[in-house]
Structure formats: structure tokens, C-alpha cells
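Residue numbers (our numbering), protein chains in the order written: chain L, 6 to 115; chain S, 2 to 896; chain W, 971 to 1096. Glycine included, every Cβ here is placed at the ideal spot set by N, Cα and C. As the structure is a computational prediction, the values presented were derived from the model and not from experiment. Right, one structure below, let's go through it.
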């Protein structure tokens, strides 16, 4: 997730600009992900609403409990993993927020 | 097996451990010994008070009754947590920067510090949470009961147990929840204890689940098969309930007072959210992962009619697993106690801040000036509030009979508290939200909740069957469970939908229609744009730089030496080793007080908040600062004004005194002069008259001479007296000026004739008649007097062997310069300034007059609006008379 | 046996009156009308008595007296001071400066004669 290390002092200027650009692009993407994540979760958790139940009025066989459990917990685990990744990304990129110094000082100061 | 007694012993031991942990954590926090106290892990675990006994025991019962629907209770919070960057982060930031003490405080702060709104939220919270507390008490009692059933000795009383449990929890909450007042002073003890309880309940549930899946069933596959084969083996979830309860749990997760307490108020560092964002969903997943297996296998193994709510407990018991059952019991006990303690703490803060204190302050009738006295009252009122809330829960439990009615309370409570959501979210994201809107929306939501859910579900006695069947006042569209004639909805879905839709609708409409006041607008901007207003998060952890900032600021305010002394003292007090003291809340409080002495309390608070709290300055802070500054300014400007006035007065006095002294000196000098001038001729007169009288043998010539001296001196005396009178009249402005129109030449003629009488033509006078032909408007007699004086002076003082006087005239606009120029040696430079002073004589031997002539001339010319002055640096003496009011230059030769 | 007076006075008429009186009384009278060089005039003339006006051009009588008293041998020379200003302050200043007698103008001729004779007699005795 971190940019490639600068290839030398001679290229520091362009590297810096480049990494700066990349950083801000990544930050934007991060924000997009953060918005999308709960919406994505909501969508996935809404899927069971479409499943047929055991009621006679509905067509099709009801979904088995074990499948339901598998689906729900898999989605859940996936969301947790995504959230974990997002958290890591925030730790890495949102240095203004975490108060940490950027991991690679070379990126910032050349 | 004396299991009940053992249980009570274990229970007590557990409570003792909790007390110990809480106490130790408080101590550690006070000394800042352990960083892990404020770690994200503790924060995440403390969030688990969301999982109450209702979820610990009830989830299994729920699953046994409705299948997978129970999981919605966890899915809502999961979604909230993974969307933390856009939701909770803002809430936590606002909570920190505004120093919010509760959800009611937050709502009130957002809407212009409206206490009415805070009161409303508080009342709503009390009504929703009290039954929930009762539910926890019930769960504890039921779990005791389950053990008691298995215990042969059976000396067990429900009510007594509940009473002691309630009392114990109240004591715990009071001890660790109300030790101190400052909101920044977080309840480390309580938080650490509930974190421990969170671990206990997770471990307990996982242990039971593992036992069930791998102990009773033959592993994961077998468990799944048994689930599919059980009563709940098919997907049977009502999709509307699925969606609504997910939403409801998400809303409650944010709005519940106890959740707000641990999530926002107790938050040490905004950045903990980053960890909690995945760790807490993981916790929720783990705690619910074995719920369905336990329910399915419980249904399979336990006799029909067994309470599925207690499967977690009874299943191990039935399998002879006393130890596991004990652990499970502790898990349930932990869930119940942690929820009750935090809920009681949060509610007590709200009740005391928004109901008791305002009422008390109003009753006292004076302003809310916070003194130590008031602080004590606040603490006291919180303690009493905790006791009262616990008592309410207790009585609710006892009165409701602890029956099945309570099991429904979870969702009812959630729905009630979710009524805060529109006002909360609107307040956080919509600047247009107003107090009136929030109040109206909240009221509508509250009423609908009571009417459609609370009364039908719980207060069956209060709402008759007729009302439920036929609607309020017999109006069909006012049926509590089928509002507006829409039937067939699940009661909970129905209630949530209508209450929140109408709540939001009214909130938005009234907000749009009403005009927010200034404070609301300001607070609205502060809330909605909190990330622009407040600084990036800085926990207590990154404190060294903070303390340096504080030191720098303190030095500026207190002075370098005093600030260093203060910091040194604090360092000693803390017993630390570093160069600077740790910025503990106590230290900050002391520093604030120290600074407050210099810059005013509000300013000090704002400054320290800015540096240490990472909090933005609130509007009230700003206002208080402005007030103080204005007062100081006013005071100093008053002082300045006073001192300026004093200075002016002093200067005036000095000037007046100087003038008086000068006048007095002048008067003395003048009198002295007059005396001298009078006495001198008198001396001669007296001496010679005595000689004439006494001396014999005087020659006729001598007699003649002495007589003429007497005569001259007498004349001199007369002249002096005349001059004095003249001058006095002129100086006092008593002289009447007779303005007449005349020709300058004529005036000069008259003056020359008068002045040269008896001088035997010694002085040669040169004139330019053509220039003299000027018409002037003046007092001609007085002007002539001036000219006479000047001509006479020329006669007397011109030291040329052939004295000559030239009179030259020059016109400048409406003024005329008349110069009297003689051919003498002139007046010495040093004396030029003096000549117009009284009694000033350049050459006393020759003085025939009293030395008042030129003084009189100056007075006259000033009276006439002109001037007379000596023109220096010319051969001979030049006196220039400036004559004003020249109207016309006549043609020469006409007169 | 000198009866020598130096009169420092800027009013010619007063000078003439005093000269007339003292000459008739047998005194040798030297007159001087300016204050500036009055001390030298006195020292040169070495009179038995000095009559000194206060208001003099150039140098006031008070200063002349002070300077005179500062000269060795002149500490006890009788000095009669005449002033037309006649204020109490002037008398005090004169006494401080070492005046022998202080008289206010206008004076009677007898007073002046008496004063001159007394001072001369005292000086001869002392």
C-alpha cells in the first residue's frame, strides 16, 4: 500500500510530487471505500429478505438454516475483514488523523 | 452438591474481583501508571455492554423462537461500526470537542443548549431504560432460579435476590461512577471492570457453544445437520422485521444512553475507533456464532416447555457440567451487571444535569455560578439519581411480576430510544435542523411510540382491548397497531415505521418552518462542520508535546518563574521523573485554576481545552471569554480615563498655580516698580524742598535751579500717575474705543506737533506725504498717542549727533505699516524683547518717563486690532506700527 | 581725618541733593552713576563711607555690597543703603549682605545726615 521507495536523491523532486499525487489519490479512494463499506454491508445483509420462507403462500423450498447461517456469517466475516483493511489503510494514510508520522519519511521530506 | 451456596460464593468473589479491578484501575489511572487502561482494546470491550443479559440469555431463546432473526440485533451495530469514518467518528469528535456528558447533553448542545430538549430526551431515556434495567434484574433472578431448581436445599427467594443484586449494583455504580465530576475525568474503574466482564461473557458463551457443538453434537457438520433437522431448521424470517430490526438496532446502538456513555463520553482517544471498527463486529460475531447451535440442540435435548431463554445455563447443567454452568452464569451475570451499572451512571448524569440541577438552581434563584458547593450538590444528586433509577428498575421488576411481559421489552426499548435518531442525525449533518423541529419530532415520535408499542405491548391494563380493536375514541384509523387503517403489519415494524417516519417528517417540516436563534445556528455549524473546527485527535497518550505547549502558554500568562515553579510543584506531586508533569486531568484542572486567576476562568478553560483536550472552543466559552474581556477592557478604559482626567486636572492645577504664582510675582514686581518709580521723584522733591526750606545762604540761582528740579520731578510724578491710570484702564479693557474715519497724514501731523513741542526742532523728521494719504478706520486719538510716544522716544533716546526720524508707510492688504526709523544706534539685541514691558528702560539716565510708554502703546495697538513691534537688525531703531482697517487710498493732492 | 564719601546713585537729582547736603556738612563727595564698575570706584577712592542705591544700571546695589564685603579690609566699611522699593525683603537681603544702615526713599535730609555722622562715628570708635 505504500509507494515504492524513491530511487535516489536526484529524482527526489519528481518522486515527491509523484508520491504526493498518489497519496492524495489513495486517500480519496479510501474515503470512497469508507462510504461504500456500510452500504455494501447493508446490501449483502438485505439479501436474506428475498429468500423464500416456509410459508405456504411462497413458492420454492425454504432456505435451510445451515445455509442461512453460512451466508450471514460469511458476509459478516468479509465485512470485518474489509473493515480491518480499511482500518489499516487509515493508519497508513490518514496520518493527519492518526497523529502518526508517515511511515516513510523519505516520501514526505525527500 | 450445595450448588446454590457455591454459586453465591462465586458470585460474591466475582463481585469482589470486579471491585478490585475497578479500584485498581482508578488508582492506576490517577497515577497514569498504565497506558493499556486507555487502549483501543479496553474501548472495544467496553462497547460490549451492548450485549446485555437480554442478548446473552435471550438471544438463544430468540433463536429458538424465531430462528435467525435474533442476529439482526447484531447486524445493525456491525453496520454502524464499519461505517465509523462517516458516522461515529463525527459523533465522538463532537462529544469530545463539546465536552458532552450524555446523549441528552449532546442534543441540547446542538440545539442551542436547550434544556427543555435535554429534559425531554432524559425523560424518554428514563422511560425506555428503566424496564430494560428490570429485564437485567429478571435475567439474574432467573439464572439464580435455574440453579436453585437444581439445588435440593431450595431456600431461595426471588425478590430478596433481586433486592440485594440491585443494591449491590447501585453501590458499585455510585462508588465508581460518581467519584468525580469532571467529564474529562473518565471512569477508568468502571470501564475496566466492564471490559473484564465483556471478556467473561464472551468466554462463557464460547465455552458453552464449543461444549454444545463439539461436546454434545459431534462437531461442526453434525451440529449443522441437527440445526437443519430442528424446529428452526428453515429460513422463516419476516423480511420486514429483518430490515426494521437491523435498522432499529443500529439506531439504538448509537442512541442508547449507556452506549453513548462508553462510546463517546468514556472515549479516551478518537483513534480507538479505528480498532473498534473491526474488533467490535468481530466480538459481536463471536458472541453470536454459537447461538443457533445452542438453541437447536437445546430444543432437541431439553424437555418441552423448558425456557429457551435459559438454555445457555440449563444445557450444561442438564449435562452435569457444573463448572461450565457456573461460567455461563457468570457470563450472564456480567452482561446484566455491566449494562445496569453503565445505564444507571449515564441516566444519573442526565437526570442530575438536566432535571435536578436546573430545578435546584431555579429554586435557589441565583445564577449558576459553579462553586465547590454546587459541585458537591451535583455529585450528591447523581448518587441519588443512581439510587432512584435502580429503585425504579427494582420496582418495575417486582410490579410487573417478572413474567414474560419483560421479554418484549428489548425491542420496545430500542424503538423508544430510536426516537432520538432523527434529531441526532439531523443535528450532526443538517445545519438547518432547529430546536423547534427537534422538539416537535421527538414529541411526535414519543407519543406514537407510547401509543403504538409501549402501551399495547406492556401496559395492557392501561390500554383497553376496545381501544386496540376499534381505535382511540372509536376512530378506526387510530388503532394503535393499525394506524391510518394499514393493517397486517408486524406490531414492531408498524410502530417503528410510523413513529420514525412521522418523527422525521415533523422534525424536517418544523425545522424548515422555524427560524433558529443565533446560538442554534452557531452550534449547528460547530456540529456539522466539526472537522473544520476542531483539531485532529490527540489522546492523552501523546502528551509530552502537549505539556510543552501548556508550559509555554503558562509562562506567557503567569510569567516564566512562576510557571516553572508551578510545573515543578506539580511534577513533585505526581512523583514523576520527567522534565514536565504528565497532563493528568487533575493537573489540568489545577493549571486551569491557576491561569484562571490571571486571565479569567472562561479564557483559561478555553485555552487549556485548545491545547490539552483537543477540543474546540464552544460558543459558551467564547461568550464567556468575550464577557470577561469586555469587563476587563471596560475596567481598564475606565481606569485609563480616570487617570487621564486626573492628569489633566493636575496639569490644569499646575498651570493655574504657575499662572497665579507668575501673576503674584508680576504683581509684586509691578508694585515694587511702581513704588520705586513714585519714590524716586518724591525723594528729589523732598530733598530739595527741605534744602530750600532749611539751608541758609542759598544763591538765587541755586534756589531757582532747585525749584525747577522740584517742578520737573512733580511733573514726572504726574505723568507717571497718568500713565499708570492709562495702562490700568487699557489692561482692564475699560477703555472705550471711538472708531472714526480719518486721514493718516492728519493724525501724523497732530502727533508730530504735540510731540515736538518744546524740543526746539532738534529732531529732523522726514515724511512721505503721498504715502500718508490713506483713510483709516480707527480711534484716531489713541493712534495719535502711540505716534506721539514713538516720536518722543526718538527725541529722547536717539543718540545720533544729528537725530533724524523717518516715517515710512507701506500697505499690505487691509493693513498699513507705519515705520518710525531713527538714525541712532538702535536698541541692543538683548533689550529688544524687553522694550514693551512695563518700566523697562534701556537707558535709565536719560529716562524722563516712567518706562510705561511703549507698554501703553502696545496695549493701545492691541485694542485697536493692530500691533506694534520693534524691527531688529536695521541701522537705527525701527518701530513698526501695524494699523488695520485701511479702506481706501486717496489720490495724492486732493487734501 | 578723612570725611570722604562715595555716593553711587543713578538719579541725577537725588545725587545732587545728597552732594549738596554732605558738602555743606563738610564731606568730600565723589559720585558715580553706574553699578558695573562701582566696586573699583569705591576701592580706588578708599572712602570713609559709602552711600549706595539699590536700583542701579549694570549691577544692583546688593551685589556691589556683597562683592565689596568680600574684599579684605572692606568688611567694616560703613555702607548706607538707600532704596526706593522699600520692601521688607530688600531690607533682609541687605542686612545679609552686610549693610551698615538701610534707609528707604524718600528720606528727610536730617535723617541722612544723622545716619552718615553716626556711621562715621561708630566706624571711628570700632
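Let me check one thing: in DSSP terms, what residues is residue i bridge-paired to?
i                       : result
residue 871 of chain S  : S:880
residue 1023 of chain W : W:1052
residue 1072 of chain W : W:1051
residue 69 of chain L   : S:235
residue 974 of chain W  : W:998
residue 887 of chain S  : S:777
Indicate the three-state DSSP secondary structure (helix, strand or coil) for residue i in the structure shown.
i                       : result
residue 1016 of chain W : coil
residue 838 of chain S  : coil
residue 1041 of chain W : coil
residue 12 of chain S   : helix
residue 653 of chain S  : helix
residue 262 of chain S  : helix
residue 1029 of chain W : coil
residue 56 of chain L   : coil
residue 58 of chain S   : coil
residue 322 of chain S  : coil
residue 350 of chain S  : helix
residue 356 of chain S  : helix
residue 942 of chain S  : A question about residue 942 of chain S goes unanswered here, because the residues of chain S that appear run from 2 up to 896.
residue 1057 of chain W : coil
residue 899 of chain S  : The first residue shown for chain S is 2 and the last is 896, placing residue 899 of chain S beyond what the model contains.
Any beta-carbon of chain L closer than 8 Å to the one on residue i?
i                      : result
residue 40 of chain S  : no
residue 419 of chain S : no
residue 83 of chain S  : yes
residue 210 of chain S : no
residue 229 of chain S : yes
residue 276 of chain S : yes
residue 243 of chain S : yes
residue 283 of chain S : yes
residue 72 of chain S  : yes
Taking 8 Å as the threshold (beta carbon to beta carbon), is residue i in contact with chain W?
i                      : result
residue 683 of chain S : yes
residue 724 of chain S : no
residue 828 of chain S : no
residue 677 of chain S : yes
residue 673 of chain S : yes
Against chain S, does residue i count as a neighbour if the rule is that its beta carbon must be under 8 Å from one of theirs?
i                       : result
residue 52 of chain L   : no
residue 42 of chain L   : yes
residue 1029 of chain W : no
residue 1017 of chain W : no
residue 39 of chain L   : yes
residue 92 of chain L   : yes
residue 1085 of chain W : no
residue 30 of chain L   : no
residue 139 of chain L  : Chain L is shown from 6 up to 115; residue 139 of chain L falls before or after that span and cannot be answered.
**Message:** Assess contact between the stretch 287–297 of chain S and the stretch 64–84 of chain S, defined as three or more Cβ pairs (one per stretch) separated by less than 8 Å. Is contact present?
**Reply:** yes
**Prompt:** Where are the beta strand (DSSP E) runs, 3 residues long or more, that stay fully inside the stretch 676–757 of chain S, in chain order?
**Reply:** 741–744
**Item:** Ordered list of beta strand (DSSP E) runs contained in the stretch 76–127 of chain S, each at least 3 residues
**Value:** none
**Message:** Suppose only complete runs of 4+ residues qualify. What are the alpha helix (DSSP H) ranges in the stretch 207–259 of chain S, listed by chain order?
**Reply:** 221–230, 240–256
**Request:** Could you tell me which uninterrupted alpha helix (DSSP H) segments, each at least 4 residues in length, are contained entirely in the stretch 762–836 of chain S, listed from first to last along the chain?
**Result:** 770–773, 781–798, 830–833
**Prompt:** On the three-pair Cβ rule with 8 Å, is the stretch 83–100 of chain S touching the stretch 302–311 of chain S?
**Reply:** no
**Request:** Kindly confirm or deny that the stretch 225–242 of chain S and the stretch 9–20 of chain S touch, where touching means at least three C-beta pairs closer than 8 Å.
**Result:** no
**Prompt:** So, do the stretch 855–868 of chain S and the stretch 746–762 of chain S have three or more beta carbon pairs nearer to each other than 8 Å?
**Reply:** no
**Asked** Using 8 Å as the threshold, is the stretch 121–140 of chain S in touch with the stretch 409–419 of chain S, meaning 3 or more CB pairs across them?
**Response** yes
**Item:** Contact between the stretch 987–1002 of chain W and the stretch 1030–1042 of chain W (3+ Cβ pairs under 8 Å)
**Value:** no
**Prompt:** Using 8 Å as the threshold, is the stretch 377–397 of chain S in touch with the stretch 345–357 of chain S, meaning 3 or more CB pairs across them?
**Reply:** yes
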